[in-house]
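Peer 1: For the sequence shown, the positions run 1 to 218 when UniProt numbering is used. Yeah, the Cβ is synthetic: ideal placement off N, Cα and C, and Gly gets one too. All of these numbers come straight from a predicted model, not from anything done at the bench.
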Amino acid sequence: MPAVELSCRDIGRCGYVTALGLQQQLVEQVQANSSKAFLVLVEHDPPVITLGKGADVANVLASNDVLAAAGIEVHKTTRGGDVTYHGPGQLVGYPILDLNAHGRDVKGYIRMLEDVLIRTLERFDIQAETREGLTGVWTDAGKIAAIGIAVSRWVTCHGFALNVCPDLSHYEHIVPCGLSDRRVTSMSALLGRNIAVGDVKPQVIECMQEVFRLRIHD
């Protein structure tokens, strides 16, 4: 049986800063005890545009006034990557785990997260894949999941965002991940029916357990 225990923290809908504070607390716990691992699941509300360390501010297309009128916050982050959007209807997962158990392989870790998401989508009969030279998960209709991480003393934070049933029009305010020629889509858009975020959460947890060979902490 795997030695590392995965504790899931489903915090429902909450603001970005609140979730970031929880991540920082959990990172410190894992740095102190590498047998622990956490998965924070959240829908960010109010919606937020985040800028990664490599972000080009020109990829935020809307003015501050337009974003404020739409109730969308903007935050700089320590994750890798460019500009992305988080909001209700999008399942965001923040895995906090020690990469020493995974060969200190950051790129390999990202590939494992992509695998988690692809397996999750397969359970809903959605065929998804990775794209060479790009990070995230894609379908024929567009990008369905984004990944942006940070690592501190080999402990991960930040993570992935899976479009379940978000308001896709909010993506018009940005150039997602700096890719101007790529569309975005969602599970609900692909299936032609509403998919609840709550129905996706247990599938993500199970796939996380499978890919990373973790045991679930009850």
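Determine, using beta carbons only, whether Phe124 and Ala145 come nearer to each other than 8 Å.
Peer 2: Taking the first residue of the sequence shown as position 1, residue 124 is located at position 124. Taking the first residue of the sequence shown as position 1, residue 145 is located at position 145. No, Cβ-Cβ distance for Phe124 and Ala145 is not below 8 Å.
Peer 1: With the cut-off set at 8 Å, would you say Gly80 and Gly12 are in Cβ contact?
Peer 2: To locate residue 80, count along the sequence shown from 1; it is residue 80. To locate residue 12, count along the sequence shown from 1; it is residue 12. No, the pair does not count as a contact, with Cβ atoms beyond the cut-off.
Peer 1: Using C-beta distances below 8 Å, list every residue in its chain close to Thr185, excluding the 5 sequence neighbours before and after it, in chain order.
Peer 2: By one-based count along the sequence shown, residue 185 stands at place 185. Cβ neighbours of Thr185 beyond the five flanking positions: Thr139, Ala141, Gly142, Lys143, Ile144, Asn163 and Leu168.
Peer 1: Contact between the segment 52-70 and the segment 91-106 is defined here as three or more beta-carbon pairs at a separation below 8 Å; is this criterion met?
Peer 2: With a cut-off of 8 Å, the segment 91-106 and the segment 52-70 do not count as touching, because too few Cβ pairs lie within range.
Peer 1: How long is the line joining the alpha carbons of Phe212 and Val175, rounded to whole angstroms?
Peer 2: For the purposes of this step, residue 212 is taken as residue 212 along the sequence shown, with counting starting at 1. For the purposes of this step, residue 175 is taken as residue 175 along the sequence shown, with counting starting at 1. About 31 Å.
Peer 1: Closest to Leu99 by CA distance: which of His217, Gly87, Glu129 and Phe38 is it?
Peer 2: In the sequence shown, counting from the first residue as 1, residue 99 sits at position 99. Comparing Cα positions, the closest option is Phe38.
Peer 1: With a Cβ-Cβ cutoff of 8 Å, do Leu26 and Lys201 count as a contact?
Peer 2: Counted from its first residue, the sequence shown places residue 26 at position 26. Counted from its first residue, the sequence shown places residue 201 at position 201. Their beta carbons are not under 8 Å apart, which means Leu26 does not touch Lys201 by this criterion.
Peer 1: Nearest-angstrom Cα distance between Pro2 and Val197?
Peer 2: In the sequence shown, residue 2 corresponds to position 2, counting from 1. In the sequence shown, residue 197 corresponds to position 197, counting from 1. Reliability fails at Pro2, whose pLDDT of 45 lies under 50, so the model's placement of it is uncertain and the value that follows must be treated cautiously. Going by the C-alpha atoms only, they are around 28 Å apart.
Peer 1: Nearest by alpha-carbon distance to Gln24: which of Gly192, Asn194 and His158 is it?
Peer 2: Along the sequence shown, read from residue 1 onward, the residue named residue 24 stands at position 24. Gln24 has its Cα closest to that of His158, out of Gly192, Asn194 and His158.
Peer 1: What residue range does the alpha helix (DSSP H) around Gln127 cover?
Peer 2: The residue labelled residue 127 in the question sits at position 127 within the sequence shown. Premise fails: Gln127 is in no alpha helix (DSSP H) and is neither H nor E.
Peer 1: From which residue to which residue does the alpha helix (DSSP H) around Ser34 run?
Peer 2: What you label residue 34 is simply residue 34 of the sequence shown in a count that begins at 1. Note, Ser34: premise wrong, no alpha helix (DSSP H); not H, not E.
Peer 1: With distance defined between alpha-carbon atoms, name the residue in Arg131, Ser63 and Asp115 nearest to Glu210.
Peer 2: Taking the sequence shown and counting its residues from 1, the one referred to as residue 210 is at position 210. Residue Asp115 is the option with its Cα nearest to Glu210.
Peer 1: Using the C-alpha atoms, what's the distance from Arg193 back to Asn33?
Peer 2: Counting from one through the sequence shown, the residue named residue 33 turns up at place 33. Counting from one through the sequence shown, the residue named residue 193 turns up at place 193. Cα to Cα, Asn33 sits roughly 43 Å from Arg193.
Peer 1: Just mark Thr18 as buried or exposed, buried being the case when its beta carbon has 16 or more other beta carbons within 10 Å.
Peer 2: As a working note, residue 18 is residue 18 in the sequence shown. So Thr18 ends up on the exposed side.
Peer 1: State the start and end residues of the unbroken alpha helix (DSSP H) segment that holds Lys76.
Peer 2: Looking up residue 76 in the sequence shown gives position 76. First-last for Lys76: Glu73 to Lys76, but that is the beta strand (DSSP E), not the alpha helix (DSSP H).
Peer 1: Three-state secondary structure (DSSP) at Pro95?
Peer 2: As a first step, residue 95 must be located in the sequence shown, where it is residue number 95. If DSSP states are grouped into helix, strand and coil, Pro95 belongs with the strands.
Peer 1: Enumerate in chain order the residues of its own chain whose CB-to-CB distance from Leu8 is below 6 Å, with the five nearest sequence positions on each side excluded.
Peer 2: As a first step, residue 8 must be located in the sequence shown, where it is residue number 8. In the sequence under discussion, the amino acid at residue 8 is Cys, which differs from the Leu named in the question. Cβ neighbours of Cys8 beyond the five flanking positions: Leu39 and Ile205.
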